[in-house]
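In the UniProt record's numbering, the protein residues as written are 1 to 303. All C-beta atoms, glycine included, are put in the ideal place defined by N, C-alpha and C. Written below as structure tokens is the structure these notes are about.
Structure, rendered in structure tokens:
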């Protein structure tokens, strides 16, 4: 692959982007939704799962839900089915966006978002509530997002090469470039309000991750419940639950069909990027990554 340059490609509708407040976003993120997030009324027991896309957002949110419900999956409030809070609805759509539906949710709420830290609610930044962040090998996140994008438009001709060029190297990256997004949250790694997790560590020891998250949330679980949760948060188990019927969606949203699209969770495999990146793409990426991370002390295993 040659040095990064922006290529032209047939882009699925999902990849339409808008620039709001100096940041590129998916088209359903609006000034109104960002303003609502900034002024959001945070509760003391709120848990915000804040990640860059395709980094284990839904996985961690599901773990939180199951911890709060002692592993009783039928007691999980699917009204809070993970969807980024910052997403608005299209003009003419009568559904209620998540940021308007969330105030009616029962506590403790699990709220998911992909916004950079500086866009989080002022009350949250002021110390109210808790934040869990997951950081994942960027290569795996990119591959996962590429197939997620393709899933929205089966007729798309977008190649992975075009995806890398247009949505990584161009700088016009949704939710800010990964390097900036991760740096903002990584700066809070010593804060008691934030729990920073690495995706690869969670995959290597999911049981340990469940215990760590439970401790962070102030919940004491029996070994039996912990083991039950571990079994419920496998990719296979979660895919089955995320295809539940639309009548379980949040009241007032008007959502129909599936609460969770099948392509929200693909493989969840560490190192799956090797099946998509070419040797040339990998070499160019590694050089780019080393330059961007030269001043960071964040280490993410083998890239």
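Beta carbon of residue 119 nearer than 9 Å to that of residue 34: Sequence index remark: in the chain shown, residue 119 carries index 119 (1-based). Sequence index remark: in the chain shown, residue 34 carries index 34 (1-based). Yes, these two residues count as a Cβ contact at 9 Å.
Alpha carbon of residue 99 to alpha carbon of residue 121, nearest angstrom: As a working note, residue 99 is residue 99 in the chain shown. As a working note, residue 121 is residue 121 in the chain shown. Cα to Cα, residue 99 sits roughly 11 Å from residue 121.
According to DSSP, residues forming a beta bridge with residue 233: As a position in the chain shown, residue 233 is number 233, starting the count at 1. Note: residue 233 sits in no beta bridge, so no partner.
Whole-angstrom distance between residue 129 and residue 109, CA atom to CA atom: In the chain shown, the residue the question calls residue 109 occupies position 109. In the chain shown, the residue the question calls residue 129 occupies position 129. Straight-line Cα distance between these residues: approximately 10 Å.
According to DSSP, residues forming a beta bridge with residue 214: Here residue 214 refers to the residue found at position 214 when the chain shown is read from its first residue. Answer is none; residue 214 lacks a bridge partner.
Through-space distance from residue 50 to residue 31, alpha-carbon basis: By 1-based counting over the chain shown, the position of residue 31 is 31. By 1-based counting over the chain shown, the position of residue 50 is 50. Straight-line Cα distance between these residues: approximately 19 Å.
Test item: CB-CB of residue 28 and residue 89 under 9 Å: Start at 1 with the first residue of the chain shown, and residue 28 comes out as number 28. Start at 1 with the first residue of the chain shown, and residue 89 comes out as number 89. Yes, these two residues count as a Cβ contact at 9 Å.
Through-space distance from residue 161 to residue 60, alpha-carbon basis: By 1-based counting over the chain shown, the position of residue 60 is 60. By 1-based counting over the chain shown, the position of residue 161 is 161. Cα to Cα, residue 60 sits roughly 30 Å from residue 161.
Contact belief for residue 64 with residue 213 at Cβ below 8 Å, rounded distance in angstroms: Here residue 64 corresponds to residue number 64 of the chain shown, with the count starting at 1. Here residue 213 corresponds to residue number 213 of the chain shown, with the count starting at 1. Correct: roughly 7 Å between the Cβ atoms.
Inter-residue spacing [alpha-carbon to alpha-carbon] between residue 103 and residue 68: Taking the chain shown and counting its residues from 1, one reaches residue 103 at position 103. Taking the chain shown and counting its residues from 1, one reaches residue 68 at position 68. For residue 103 and residue 68, the distance between alpha carbons rounds to 18 Å.
Distance between beta carbons of residue 270 and residue 145, contact taken as under 8 Å: For the purposes of this step, residue 145 is identified with residue 145 of the chain shown, where counting begins at 1. For the purposes of this step, residue 270 is identified with residue 270 of the chain shown, where counting begins at 1. With a Cβ gap of about 16 Å, residue 145 and residue 270 do not count as contacting.
Straight-line gap, residue 287 to residue 222 (C-alpha atoms, nearest Å): What you label residue 287 is simply residue 287 of the chain shown in a count that begins at 1. What you label residue 222 is simply residue 222 of the chain shown in a count that begins at 1. Between residue 287 and residue 222, the C-alpha separation is close to 46 Å.
Residue 292 vs residue 179 beta-carbon contact at 9 Å: Here the question's residue 292 lines up with position 292 in the chain shown. Here the question's residue 179 lines up with position 179 in the chain shown. Going by C-beta atoms, residue 292 is nearer than 9 Å to residue 179.
Whether residue 84 touches residue 114 by CB criterion (9 Å): Residue mapping note: residue 84 aligns to position 84 of the chain shown, counting from 1. Residue mapping note: residue 114 aligns to position 114 of the chain shown, counting from 1. Going by C-beta atoms, residue 84 is nearer than 9 Å to residue 114.
Cβ pair residue 200, residue 136 closer than 9 Å: On the chain shown, residue 200 is found 200 positions in, with the first residue counted as 1. On the chain shown, residue 136 is found 136 positions in, with the first residue counted as 1. Yes, Cβ-Cβ distance for residue 200 and residue 136 is below 9 Å.
Beta-carbon contacts of residue 253 that lie in its chain and below 7 Å, excluding the five residues immediately before and after: Taking the first residue of the chain shown as 1, we reach residue 253 at position 253. Confidence at residue 253 is low in this model, with a pLDDT of 41, below 50, so its placement is unreliable and the value that follows should be read with caution. Counting only Cβ-Cβ distances below 7 Å, and skipping sequence neighbours, we find 95, 96, 101.
Beta-carbon proximity check, residue 133 vs residue 185, cutoff 9 Å: Position 133 of the chain shown, counted from the start, is the residue given in the question as residue 133. Position 185 of the chain shown, counted from the start, is the residue given in the question as residue 185. Yes; because the gap between Cβ atoms is below 9 Å, this pair is in contact.
Cβ shell of residue 24 (< 7 Å), same chain only, five flanking positions each side left out: Taking the chain shown and counting its residues from 1, the one referred to as residue 24 is at position 24. So the list reads 17, 172, 173, 174, once near-sequence residues are dropped.
CA nearest to the CA of residue 182, picked from 93, 79, 297, 26: Mapped onto the chain shown, residue 182 falls at position 182. Comparing Cα-Cα distances from residue 182 to each of 93, 79, 297, 26, the minimum goes to 297.
Pair within 9 Å by beta-carbon distance, residue 112 and residue 57: Your numbering for residue 112 matches position 112 in the chain shown. Your numbering for residue 57 matches position 57 in the chain shown. Yes. Within cutoff.
Runs of alpha helix (DSSP H) lying entirely within the stretch 85–128, each at least 4 residues, in chain order: 98–101, 122–125
Alpha-carbon to alpha-carbon, residue 157 and residue 192: By 1-based counting over the chain shown, the position of residue 192 is 192. By 1-based counting over the chain shown, the position of residue 157 is 157. Going by the C-alpha atoms only, they are around 46 Å apart.
Whole alpha helix (DSSP H) elements within the stretch 139–207, 4-residue minimum: 160–164, 178–186, 199–204
Assigned exposure category for residue 72 - 16 Cβ within 10 Å defines buried: Taking the chain shown and counting its residues from 1, the one referred to as residue 72 is at position 72. When all chains shown are included, residue 72 counts as exposed.
Where residue 50 sits in the DSSP three-state scheme: In the chain shown, counting from the first residue as 1, residue 50 sits at position 50. Note: residue 50 maps to strand in three-state DSSP.
Cα-Cα separation, residue 205 to residue 232: Taking the chain shown and counting its residues from 1, the one referred to as residue 205 is at position 205. Taking the chain shown and counting its residues from 1, the one referred to as residue 232 is at position 232. In a straight line, the C-alpha of residue 205 is about 15 Å away from that of residue 232.
Contacts around residue 304, its chain only, beta-carbon distance under 6 Å, and the 5 residues preceding and following it disregarded: The shown model of the chain, from 1 to 303, leaves out residue 304, and the question about it has no answer.
Assumed close pair residue 217, residue 76 - CB separation to whole angstroms, cut-off 8 Å: Working through the chain shown from its first residue, we reach residue 217 at position 217. Working through the chain shown from its first residue, we reach residue 76 at position 76. In fact, because the Cβ distance is near 15 Å, the residues do not count as touching under 8 Å.
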